[in-house]
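Be aware that the sequence shown starts at 1, since it is given in the working numbering, and climbs by one per residue. Here a beta-carbon is modelled for each residue, glycine too, at the ideal position from N, C-alpha and C.
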Amino acid sequence: MNNYVCSSKAQIKPEAFHRTIDGSQVDLYTLTNLNGLEANITNYGGLVVSLMVPDKNGKLGDVVLGYDNLNDYFGSTPYFGALIGRYGNRIAKGRFTINGVEYQLALNDGVNSLHGGLRGFDKVVWQAEQVDSPDGPALKLSYTSKEGEEDYPGTLRCTVIYTLTTKNELKIEYTAETDKPTFINLTHHSYFNLKDGGASDILGHELMIKASRFTPVDKDLIPTGELRPVAGTRFDFNKPTAIGVRLASEDEQMLFAKGYDHNWVLDRQGEDLELVASVYEPVSGRCMEVLTTEPGMQFYCGNFLDGTNKGKGGTVYQHRTGLCLETQHFPDSPNHPNFPTTELKPGEMYTQTTVYRFL
Ligand code: GLA
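And the structure:
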């Protein structure tokens, strides 16, 4: 039953995403759950283009940043709403070794490789199939990344299922298999703004992260290898805290990253889906919980947004108008044997599940 008022419906036209790229059809798919929540997702890059969820008065509003046409995603996008692969976040100097063989990836972020390289999974066309699951409407996306694509070893067959569940969750289930040992770290890169979808900053959003440690970085944002306790620091989000309160600082970590852009080591046991974070926005009353099977989460508060991206409905995304909660294995794990491994071997199945739940 639809209990919500849809006064600010996402003004996304499917035609603006209908196009053939390299012989494959790109489209916009709409998932609407029983409560009237709506997600618009394109099979180009698996991008979540809009996500309509209710505020405290039951009024639906878009809570993610993005563009209202496919063309703008070809230009300059800081990974709005994207599926990230093969490797989420940075690999130092784009280099790693498997079975004694060294691989050199393209450097697309200063001296590092970031988010899968020059043409990561956010820039490829996925095969799409709309499916009805008992949990709610779903979109199944499949992509085969051939051996050598972006210079990674092994052919990787990936499936990602987005479900908009009856419990008001955007559930993302990833699986992958390889034919040769390789590294993999898939994630999702929506920029959330629970207040107004990016018209104003996210500094008043109250964030909670269940994590006692984080992975400090060097000046190139590569983890030093240390798992540093957050207790007594501005990285302690165990109690919900407004994001803006502790941002201004001479702290070396904050200077390196220009704010929060770090991986938190989640306090979680085992491999089951667990609640790891929440965000509450007091003006709209919207609250989002994050559940995951992953050991880490990158919290990035939109430090690089600078008013150059003009998005949906003409909204210009100014500094820190969106926040990302990218559930993942730790950045640069291939070069840190003390981090949970990101190696995938033939015969193994990579799985990760993350849920963004709206209350
Ligand atoms: C991630 C990175 C950031 C930045 C954004 C995209 O969150 O950690 O440093 O690259 O993606 O702009």
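Here's a check: name, in chain order, each residue in its chain whose Cβ is nearer than 6 Å to the Cβ of residue i, leaving out the five neighbours to either side.
{"i": "Y300", "result": "D261, C324"}
{"i": "L360", "result": "The question about residue 360 has no answer here: the residues shown for the chain are numbered 1 through 359."}
{"i": "I41", "result": "Y29, V48, L139, Y162"}
{"i": "V316", "result": "G307, K310"}
{"i": "L156", "result": "S145, A176, T178"}
{"i": "T159", "result": "S142, T175"}
{"i": "I209", "result": "F237, W264, A277"}
{"i": "L105", "result": "G94, S113, G117, D151"}
{"i": "R234", "result": "R246"}
{"i": "G259", "result": "L247, C301, N303"}
{"i": "A199", "result": "T315"}
{"i": "G285", "result": "D55, K56"}
{"i": "K345", "result": "P181"}
Where does residue i land, buried or exposed, given buried means 16+ other C-beta within 10 angstroms?
{"i": "V283", "result": "exposed"}
{"i": "N43", "result": "buried"}
{"i": "M1", "result": "With a pLDDT of 44 at M1, under the threshold of 50, the modelled position of that residue is not reliable, and no figure is offered here."}
{"i": "E15", "result": "exposed"}
{"i": "E150", "result": "buried"}
{"i": "L80", "result": "Rather than Leu, the amino acid found at residue 80 in this sequence is Phe. So F80 counts as buried."}
{"i": "E252", "result": "exposed"}
{"i": "K171", "result": "buried"}
{"i": "V64", "result": "buried"}
{"i": "T187", "result": "buried"}
{"i": "V125", "result": "buried"}
{"i": "E250", "result": "exposed"}
{"i": "F74", "result": "exposed"}
{"i": "S190", "result": "buried"}
{"i": "G362", "result": "Limits of the chain in this structure are 1 at one end and 359 at the other, which puts residue 362 out of reach."}
{"i": "L164", "result": "buried"}
For residue i, which residues does DSSP report across the bridge?
{"i": "I41", "result": "Y29, V48"}
{"i": "A297", "result": "A small correction: the amino acid at residue 297 is Met; Ala does not occupy that position in the sequence shown. Bridge partners of M297: W264, T327."}
{"i": "T178", "result": "L156"}
{"i": "A242", "result": "E206"}
{"i": "D109", "result": "N112"}
{"i": "I161", "result": "K140, E173"}
{"i": "G61", "result": "V53"}
{"i": "A211", "result": "L266"}
{"i": "F358", "result": "M288"}
{"i": "Y67", "result": "Answer is none; Y67 lacks a bridge partner."}
{"i": "T341", "result": "BP columns for T341 are empty, so no partner."}
{"i": "F96", "result": "Y103"}
{"i": "Y350", "result": "A176"}
Assuming residue i contacts residue j (C-beta within less than 8 Å), just tell me the rounded distance between them.
{"i": "Q130", "j": "L139", "result": "6 Å"}
{"i": "V265", "j": "L207", "result": "With 8 Å as the limit, V265 and L207 do not qualify as a contact, their Cβ atoms being about 16 Å apart."}
{"i": "G46", "j": "L141", "result": "5 Å"}
{"i": "P134", "j": "L31", "result": "No, P134 and L31 are not in contact; Cβ-Cβ is about 14 Å, not under 8 Å."}
{"i": "K219", "j": "E281", "result": "Going by Cβ atoms, the distance from K219 to E281 rounds to 32 Å, so no, they are not a contact pair."}
{"i": "A211", "j": "D267", "result": "6 Å"}
Beta-carbon within less than 8 Å of residue i's beta-carbon, same chain only, minus the 5 sequence neighbours each way: which residues are those?
{"i": "P153", "result": "I98, V101, Y103, E147, K180, P181, T182"}
{"i": "F17", "result": "V26, D27, L28, T42, Y44, V49, N69, L70"}
{"i": "D132", "result": "A138"}
{"i": "T20", "result": "V26"}
{"i": "K239", "result": "M208"}
Using a Cβ-Cβ cut-off of 7 Å (strictly less than) and excluding sequence neighbours within five positions of residue i, which residues of its own chain qualify?
{"i": "L359", "result": "C287, E289"}
{"i": "I12", "result": "L28, N40, V49, S50, D68"}
{"i": "D109", "result": "R90"}
Three-pair Cβ contact test at 8 Å for the stretch 75-94 versus the stretch 108-117: yes
At least three beta-carbon pairs within less than 8 Å, the stretch 348-356 to the stretch 286-294: In short, these stretches touch, since the Cβ pair count reaches three.
Stretch-stretch touch, CB-based, cutoff 8 Å, three pairs: the stretch 222-241 with the stretch 319-339: Output reads yes: the stretch 319-339 touches the stretch 222-241.
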